[in-house]
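These protein sequence lines map, in sequence, to chains A and B. This note's numbering puts the last residue of the first sequence at 348; the count rises by one with no breaks. This note's numbering puts the last residue of the second sequence at 1348; the count rises by one with no breaks. Below is one structure, written out as structure tokens; comments come after it.
Number of protein chains: 2
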Amino acid sequence: MSRRERPRSSPTIGDVAKAAGVSTATAARALGGYGAVSPAVRDRVAAAAEQLGYRRNSLARSMITGTTHTIGLVVADIENPFFARAARGVADVAHAAGYEVLLVNSDEDPATERAAVRTLFEKRVDGLIIAPASTDVGSHLGELPKRGTPIVLLDRVVPGIEADAIVVDNERAARGAIGHLVGLGHRRIALLTSQGLIHTNQMRLAGYLQGLELAGILVDERLIRMAEYTREAAVRETVSVLALDDPATAIFTTDNLMSLGAFEGAQRAGRAVPEEVSIVGFDDLEWTTIVRPPLTVVAQPVNELGAAAARRLLARLAGDDGPPRTLTLETTFIVRGSTGPAPVHATG
Amino acid sequence: MSRRERPRSSPTIGDVAKAAGVSTATAARALGGYGAVSPAVRDRVAAAAEQLGYRRNSLARSMITGTTHTIGLVVADIENPFFARAARGVADVAHAAGYEVLLVNSDEDPATERAAVRTLFEKRVDGLIIAPASTDVGSHLGELPKRGTPIVLLDRVVPGIEADAIVVDNERAARGAIGHLVGLGHRRIALLTSQGLIHTNQMRLAGYLQGLELAGILVDERLIRMAEYTREAAVRETVSVLALDDPATAIFTTDNLMSLGAFEGAQRAGRAVPEEVSIVGFDDLEWTTIVRPPLTVVAQPVNELGAAAARRLLARLAGDDGPPRTLTLETTFIVRGSTGPAPVHATG
DNA sequence: GCTGTGGTTGGGAACGTTCTCACAAGTCGC
DNA sequence: GCGACTTGTGAGAACGTTCCCAACCACAGC
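The following block contains the structure:
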């Protein structure tokens, strides 16, 4: 109890060096595994470190090396299963490569996002994976690559920015979904999306419109619903679109929360699925197979989306300085029981 | 283009000071908002910082101040909605107080957890919130508080450790759920939980046993199922427990994944819920109200669990050094359509 | 015996901040 | 008009590590 110099601060590499009877430089080499150290000294230092309970200070290390082995991840809301899955994909790949993940929720708010990016940069993350909230050229996003911090865009692209991106072909996926419904004879197809059109939803809307056009169906604006981003609002819009004089016979939703709302809305409106109304959801969550009928969906490789983003970022950190690449992953259209032939009285 | 000294490294406070014609100490005071600086100098420094695009280096700052404004969060799996919600609760409270969250998945693996705790400590997080995988006295957990890094246990307690904990009364919740089923006349009540009993599940098992004992029901070990932690395994165990000569008339599950499996298992076994088998789930997720029948559940205040953990940790960081406290939050028992009277032929 | 070589080791600078201290220039009270 | 206090400023140490470089040693080659 007599040799305590600092009461409750961690021992430093200097303390270890002193205990082992070597210089700090040598102790650092022994513990850091770089440079040349004789086996005898290495063991002596290791023993001293063990005995003192030495833990390296990454902060000091990062100051010198210029790398923190930390990547920033900015998503809208980790509570949303889509982002949770993507985050898991990111974390797994990052962790395997010795990186940790600093997580921030932006709630789709550009101001929050901007502040988050700034904070993450001040913490000197080695790179950033971000699902950008706004599609306008965020100066805060362009700034980092210029300073040498690579960015990978997750799920959404920002036109003006020079950065890698991992996305799916939302336009094509949506067009395909509409094609499926058209093939079943539907002509009154509603779109249920959320207000404040984020990039992916814009693309899905575009795909919806293209799908209609390909089928020669005129757009009915009353069938395009942009709900507040809550389950209850989605339910209301669904009930409303099913209560039209000429109601929708099919509903295409643009994400998992809207799918949930559409499903519940059909239940609440007392419409049989798929006899009276077909539903196509976006994202394949666990529940889609235990509801009755099970949900037809556009499934995204969500986990892989995150994993690919992390791999891309790691490649940049490893020195890849080629031109920005956009990687487009494939979606899968899974037909289940929630889509069926359009009701007879509503077609032709 | 002529005055660039470092090509693509961020300007330092020294660069700002030089540009503003003051010392680094003064520039630091002006930008850091501490000490005394004259308004004129403050403006001059701010202008120089703005013009150079100065961003403070938190690493260097943390070295001096000894605080990183970062907290570590170790959960089993961020993809699990339970942890995603808790993480959101943590992140919101932390963010409001100016803290960021470093997230690690442990996959319930003690070795991974141990390594994570070590890494987080090396990165000098100010504190740690952890849902510990193992209930044995983790030396890696005891270590940190001794070094002055506070820990808050989330959702699970570790008996030997001196740390705050935020939990729910799992024993009582489980006992109550069993009581509900007993009250409906059930005497063949199965328990569906997962292998490698984590702390919460041990408590829920204990509550289950107590519930049976209170009702004077003898334990039938064939009704206690510990599935591999996958949906498919949960389905199999459910089908199996419903295929007994004297099958279960009710199933109580110990978490949301097991609930999903039980629900699907009943479907696959062709048993009507609740006419032939009642189901009580643990955790109230979005899907529980859109399946038919909707699920009776023990609902936990998951988000609040995380938020409370963060508040507790912040209190510690603010200097609270009272004895460790365990905060027990209330669960809610929500009766929906998945529980009903026991089938006549199976009772008394 | 002198020089060269390769493996070890230590001294000290560097990273970018904050903090402590000393000092200069006012300001106030008497 | 002099000490005590306040306010603003700068010099330099400190945080704990890594990196650069010089020095040392042993040994081989000539």
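From the three backbone atoms N, C-alpha and C, an ideal C-beta is built for every residue, glycine too.
Distance between R236(A) and N1303(B), taken at the CA atoms: about 26 Å.
Taking 8 Å as the Cβ-Cβ cut-off, the stretch 1088-1106 of chain B approaches chain A at R1088, A1091, D1092, H1095, E1100, V1101, L1102, L1103, V1104 and N1105, given in chain order. Contact annotation: G270(A) and T238(A) have beta-carbon atoms that are not nearer than 8 Å. For the pair D164(A) and A1020(B), the Cα-to-Cα distance works out to about 37 Å.
Counting only Cβ-Cβ distances below 7 Å, S62(A) has contacts in chain B at L1059, in chain order.
Against chain A, a Cβ distance below 8 Å from Q1300(B) picks out nothing, because the smallest value is about 14 Å.
Within the stretch 29-60 of chain A, the residues whose Cβ lies closer than 9 Å to any Cβ of chain B are, in chain order, G53, R55, R56, N57, S58, L59 and A60. In this structure, V1093(B) and A1131(B) do not form a Cβ contact; the two beta carbons are roughly 16 Å apart against a cut-off of 8 Å. In the three-state reduction of the DSSP assignment, L223(A) falls in the helix class.
Chain B has no Cβ within less than 8 Å of the Cβ of T65(A). Across the stretch 167-197 of chain A, no CB contact with chain B closer than 7 Å is found for any residue. When the five nearest sequence neighbours on each side are left out, the beta carbons in the same chain lying within less than 7 Å of the beta carbon of L313(A) are those of I71, G127, I129, P150 and V152, in order along the chain. Cβ neighbours of L1191(B) within its own chain (closer than 6 Å, five residues either side excluded): Y1208, I1224 and F1252. At least one CB of chain B lies nearer than 8 Å to the CB of Q267(A). A1307(B) has its alpha-carbon roughly 28 Å from the corresponding atom of S58(A). For the C-beta of A20(A), not a single chain B residue is nearer than 9 Å; the gap to the nearest is close to 20 Å. Under the criterion of beta carbons closer than 8 Å, R29(A) and E1122(B) do not qualify as touching, at roughly 18 Å.
Of all residues in the stretch 225-240 of chain A, only R231 come within less than 9 Å of chain B when Cβ atoms are compared, listed by chain position. Distance between I1198(B) and S1134(B), taken at the CA atoms: about 7 Å. For A165(A), the enclosing beta strand (DSSP E) begins and ends at D164 to V168.
With a cutoff of 8 Å on beta-carbon distance, V168(A) and Q300(A) are scored as near each other.
Comparing alpha carbon positions, the residue from K1146(B), V1280(B), R1175(B) and A1017(B) closest to E1162(B) is K1146(B).
Only E1286, W1287, I1290, V1291 and R1292 from the stretch 1271-1297 of chain B bring a Cβ to less than 7 Å from some Cβ of chain A. Here R1187(B) has I1217 as same chain residues with Cβ atoms under 6 Å from its own Cβ, once five neighbours each way along the sequence are excluded.
Between the alpha carbons of D15(A) and V37(A) lies a distance of about 18 Å. Distance from L1102(B) to V1090(B) at the Cβ level is roughly 11 Å; contact not present, criterion being Cβ atoms closer than 8 Å. Per DSSP, A262(A) is one residue of the alpha helix (DSSP H) stretching across N256 to R268. Unbroken alpha helix (DSSP H) runs of no fewer than 4 residues, entirely contained in the stretch 1058-1089 of chain B, are found at 1058-1065, following chain order. With respect to the C-alpha of A86(A), the residue from F333(A), G340(A) and A310(A) having the closest C-alpha is A310(A). Membership of T238(A) in the alpha helix (DSSP H) is indicated by the continuous run R231 to L242. Residue environment analysis places S23(A) among the exposed positions, since fewer than 16 neighbouring C-beta atoms fall within 10 angstroms of its C-beta. When the alpha-carbon of A248(A) is set against those of T332(A), V273(A), L31(A) and W287(A), the nearest one is in V273(A). Chain-ordered, the chain A residues with CB closer than 7 Å to the CB of L1260(B) read E286 and I290.
Residue contact check for E1079(B) against chain A: a CB pair falls below 8 Å. In terms of beta-carbon proximity, E1213(B) stays away from the interface with chain A, with every pair separated by 8 Å or more.
With respect to the 8 Å criterion, T193(A) and T254(A) are classified as neighbours on the basis of their beta carbons.
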